[in-house]
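Visitor: Residue numbers (my numbering), protein chains in the order written: chain A, 7 to 306; chain B, 20 to 256.
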């Protein structure tokens, strides 16, 4: 999926919430949006999810999408299960497959016992589970989560983390916002930072997350891989792998949590040879700052 | 689109937003049917009363869903044009609800009015037989009802969210536009109701122009509403 100079404002005399965002959302990428309150994170998520058309630019190549809004006030005249059955059909599931998917997700999120109750009678957390279940029913190629963890019990939070991992493993992309800095630390591929003028800068996802992957390396460690025989096309692929911090000629710097996977990929390419692997402290790459050290600590 | 329509229809039924329109429409028709009216006039009355009723149902469908669940459905209906299709499904469901009421109204009118015929019939079977033998009056009434249905739906669409989001203004505007639609002679509904293209059968066919105009109004209002829903201006409340 590609965002092409996407801008969004809520009316012709309103300020731009998001402006000239040109970014790709590649399969298998986990993208975290960051920014202050009101910086346009939710707006950008809505545009990416196809809930809201951009005011300028366009979004192309959007896969089937599941969207979990920030708040889901279940003020609808359905039981949780009936609502999910309807949404499963809107998502394109048919017949017994729809009912199976509904039951599976209600069960996984621990909401099966409440599914027969009207949405109006459900607690905030239970409504949130219904909102999450609907987004996951059809195993979407793009999952968009706007503070989806808020209000969930611990088991359901873990289940949502697992669901995100499954989407990524299936080659789906996941975009999310969460106030918890440590959320999904170690799996994040890139971070989009929204500033107050509505512009987005992209940072790699591993600056604050190396410790989360549990690879046994110290969190501050970066793995430097030296290669030979690297053609231009694998170089582009290499740059897109999760955890790749920088690509400088034939020298790749990789977050320690992702180094095994990157090496596995590289070794699989014909004509590419690994000529050296060493580690260096992350501070040398200039990728991390003081605040992110704090986040890293929270991540463990 | 079928799944979206099913969802919106279920929403209309389960939210009980059809009960008030049904009662109101029933009362309005009953008023019109008091005394013995000729069938053609009775059908015109039941068609005219569809305008406010359909506008009201459309309004209900446009405000019944919380923003968050609209967004969820729009994403699910994607990946492209999801919000547009979700909005159209809500509008179609409202129109279909109005059509059901219109048919009920027409049948009720048929059974309670004086059919045009050589001799007065009183029994229900007589009336139905007479209609089968001379269907023109009834069919003309249905076409008039169709014009009114489209005009009412267009009025409800134009005067409510997302095109008009202020809650008080939306309710007042809906009422005002419904009155204009019935009373002003530029309105296709008014034109259809005034039509006296009486054939020798006594049928009052609306003009083709009024039917075309009502379809055009509906198309314009639906397009505008769907576009506005997709652009999704932030709500005022």
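Glycine residues also receive a C-beta, built at the ideal position from the N, C-alpha and C atoms.
Between the stretch 133-144 of chain A and chain B, which residues of the former have a C-beta closer than 9 angstroms to a C-beta of the latter?
Guide: 137, 140, 141, 143 and 144
Visitor: With DSSP run on the structure shown, which of helix, strand or coil describes residue 222 of chain A?
Guide: Start at 1 with the first residue of the first chain, and residue 222 of chain A comes out as number 216. Low confidence applies here, because residue 222 of chain A scores a pLDDT of 35, under 50, leaving its location unreliable and the question unanswered by this model.
Visitor: I'd like to know whether the C-beta atoms of residue 111 of chain A and residue 91 of chain A end up nearer to each other than 9 angstroms.
Guide: Here the question's residue 111 of chain A lines up with position 105 in the first chain. Here the question's residue 91 of chain A lines up with position 85 in the first chain. Against a cut-off of 9 angstroms, the Cβ pair of residue 91 of chain A and residue 111 of chain A comes out as no contact.
Visitor: Whose C-beta lies closer than 7 angstroms to the C-beta of residue 118 of chain B among residues of the same chain, with five residues either side of it excluded?
Guide: Indexing the second chain from 1 puts residue 118 of chain B at position 99. These residues qualify, in order along the chain: 168.
Visitor: Which parts of the stretch 165-206 of chain B are runs of the alpha helix (DSSP H), unbroken and 4 residues or longer, counting only runs that do not cross its ends?
Guide: 186-202
Visitor: Give the single residue among A:155, A:258 and A:101 whose Cα lies nearest to the Cα of residue 283 of chain A.
Guide: Taking the first chain and counting its residues from 1, the one referred to as residue 283 of chain A is at position 277. With respect to the C-alpha of residue 283 of chain A, the residue from A:155, A:258 and A:101 having the closest C-alpha is A:258.
Visitor: Three or more C-beta pairs under 8 angstroms: does that hold for the stretch 82-96 of chain B against the stretch 74-85 of chain A?
Guide: yes
Visitor: Please decide whether residue 30 of chain B counts as near chain A, where near means a Cβ-Cβ distance under 9 angstroms.
Guide: By 1-based counting over the second chain, the position of residue 30 of chain B is 11. Taking Cβ atoms only, chain A reaches closer than 9 angstroms to residue 30 of chain B, which makes this a yes.
Visitor: Who are the neighbours of residue 26 of chain B on chain A, taking C-beta pairs under 7 angstroms?
Guide: Counting from one through the second chain, the residue named residue 26 of chain B turns up at place 7. By Cβ distance, chain A contributes 92 and 96.
Visitor: Here's the rule: buried if 16 or more other CB atoms are within 10 angstroms of the residue's CB, otherwise exposed. What is residue 143 of chain B?
Guide: In the second chain, the residue the question calls residue 143 of chain B occupies position 124. Exposed, since its Cβ has fewer than 16 Cβ neighbours within 10 Å.
Visitor: Residue 76 of chain B lies in the alpha helix (DSSP H); which residues open and close that run?
Guide: Counting from one through the second chain, the residue named residue 76 of chain B turns up at place 57. It spans 69-82 - the alpha helix (DSSP H) in which residue 76 of chain B sits, taken as one unbroken run.
Visitor: Give me the Cβ distance between residue 24 of chain A and residue 13 of chain A, rounded to the nearest whole Å; I'm assuming they're in contact under 8 angstroms.
Guide: In the first chain, residue 24 of chain A corresponds to position 18, counting from 1. In the first chain, residue 13 of chain A corresponds to position 7, counting from 1. Indeed they touch by this definition, with Cβ atoms about 6 angstroms apart.
Visitor: So, is residue 175 of chain A buried or exposed, given that buried needs 16 or more other C-beta atoms within 10 angstroms?
Guide: Translated into positions along the first chain, residue 175 of chain A becomes position 169. It counts as exposed.
Visitor: Opposite residue 266 of chain A in the DSSP bridges: which residues?
Guide: Numbered from its first residue, the first chain carries residue 266 of chain A at position 260. Residue 266 of chain A pairs with nothing; no bridge assigned.
Visitor: Could you name the residues of the stretch 190-208 of chain B whose beta carbon sits closer than 9 angstroms to any beta carbon of chain A, in the order they occur along the chain?
Guide: For the stretch 190-208 of chain B, there are no residues whose beta carbon sits under 9 angstroms from a beta carbon of chain A.
Visitor: Using DSSP with H/G/I as helix, E/B as strand and the rest coil, what is residue 132 of chain A?
Guide: Taking the first residue of the first chain as position 1, residue 132 of chain A is located at position 126. Residue 132 of chain A: helix per DSSP, three-state reduction.
Visitor: Checking the sheet assignment: what are the DSSP bridge partners for residue 88 of chain A?
Guide: For this step, residue 88 of chain A is matched to residue 82 along the first chain. Beta-bridge pairing links residue 88 of chain A to no other residue.
Visitor: Bridge partners for residue 37 of chain A per DSSP, in chain order?
Guide: Start at 1 with the first residue of the first chain, and residue 37 of chain A comes out as number 31. Looking at the DSSP assignment, residue 37 of chain A forms a beta bridge with A:181 and A:196.
Visitor: Report buried or exposed for residue 63 of chain B, applying the criterion of at least 16 other Cβ atoms within 10 angstroms of its Cβ.
Guide: As a first step, residue 63 of chain B is located in the second chain; it is residue number 44 there, counting from the start. Flag for residue 63 of chain B reads buried.
Visitor: For residue 73 of chain A, list the residues DSSP reports as bridge partners.
Guide: Position 67 of the first chain, counted from the start, is the residue given in the question as residue 73 of chain A. Beta-bridge pairing links residue 73 of chain A to A:150.
Visitor: Which of the three DSSP states is assigned to residue 173 of chain A in this structure?
Guide: Working through the first chain from its first residue, we reach residue 173 of chain A at position 167. Here residue 173 of chain A sits in helix by DSSP.
Visitor: Among the residues of its own chain, which have a CB less than 6 angstroms from the CB of residue 222 of chain B, if the five just before and after it don't count?
Guide: Here residue 222 of chain B refers to the residue found at position 203 of the second chain. The residues are 155, 156 and 159.
Visitor: Does the beta carbon of residue 111 of chain B sit closer than 9 angstroms to a beta carbon anywhere in chain A?
Guide: Taking the second chain and counting its residues from 1, the one referred to as residue 111 of chain B is at position 92. No, residue 111 of chain B lies away from the interface with chain A (no Cβ there is under 9 angstroms from its Cβ).
Visitor: So is residue 274 of chain A buried or exposed if we call it buried at 16+ other beta carbons inside 10 Å?
Guide: The residue you call residue 274 of chain A lines up with position 268 of the first chain. Exposed.
Visitor: According to DSSP, simplified to helix, strand and coil, what is residue 21 of chain B?
Guide: For the purposes of this step, residue 21 of chain B is taken as the residue at position 2 of the second chain. In the structure shown, residue 21 of chain B sits in a helix (DSSP, three-state: H, G or I).
Visitor: Please classify residue 347 of chain A: does DSSP put it in a helix, a strand, or coil?
Guide: Shown here, chain A extends from 7 to 306; a query on residue 347 of chain A therefore has no answer.
Visitor: Return the first residue and the last residue of the alpha helix (DSSP H) that residue 63 of chain A is part of.
Guide: Position 57 of the first chain holds residue 63 of chain A. Unbroken run through residue 63 of chain A is the beta strand (DSSP E), 62-66; no alpha helix (DSSP H).
Visitor: Would you list the one or two residues that DSSP bridges to residue 208 of chain A?
Guide: Start at 1 with the first residue of the first chain, and residue 208 of chain A comes out as number 202. DSSP, once it has assigned bridges, lists A:198 as partnering residue 208 of chain A.
Visitor: For residue 56 of chain B, which three-state DSSP category applies?
Guide: On the second chain, position 37 is the one that residue 56 of chain B refers to. Here residue 56 of chain B sits in coil by DSSP.
Visitor: In whole angstroms, what separates the C-alpha of residue 92 of chain B from that of residue 70 of chain A?
Guide: Translated into positions along the second chain, residue 92 of chain B becomes position 73. Translated into positions along the first chain, residue 70 of chain A becomes position 64. Each residue's Cα considered, the two are about 12 angstroms apart.
Visitor: Identify whether residue 28 of chain A lies in helix, strand or coil by the three-state DSSP scheme.
Guide: To locate residue 28 of chain A, count along the first chain from 1; it is residue 22. Of the three classes helix, strand and coil, the one that applies to residue 28 of chain A here is strand, per DSSP.
Visitor: Short of 9 angstroms Cβ to Cβ, which residues in the stretch 172-187 of chain A face chain B?
Guide: Those would be none; no residue qualifies.
Visitor: If we call anything under 9 angstroms between Cβ atoms a contact, is residue 96 of chain B one with residue 72 of chain A?
Guide: Mapped onto the second chain, residue 96 of chain B falls at position 77. Mapped onto the first chain, residue 72 of chain A falls at position 66. Their beta carbons are not under 9 angstroms apart, which means residue 96 of chain B does not touch residue 72 of chain A by this criterion.
Visitor: Near residue 24 of chain B, which residues of its chain fall below 7 angstroms by C-beta distance, leaving aside the five closest residues on each side in sequence?
Guide: Here residue 24 of chain B refers to the residue found at position 5 when the second chain is read from its first residue. Exclusion of the five residues before and after residue 24 of chain B leaves 108, 111 and 112 as the residues of its chain whose Cβ lies within less than 7 angstroms of its Cβ.
Visitor: List, in order along the chain, the chain B residues whose C-beta lies closer than 7 angstroms to that of residue 69 of chain A?
Guide: Start at 1 with the first residue of the first chain, and residue 69 of chain A comes out as number 63. By Cβ distance, chain B contributes 98.
Visitor: Under a three-way DSSP split, which group does residue 17 of chain B fall into?
Guide: Since the displayed chain B opens at 20 and closes at 256, residue 17 of chain B lies outside it and no answer follows.
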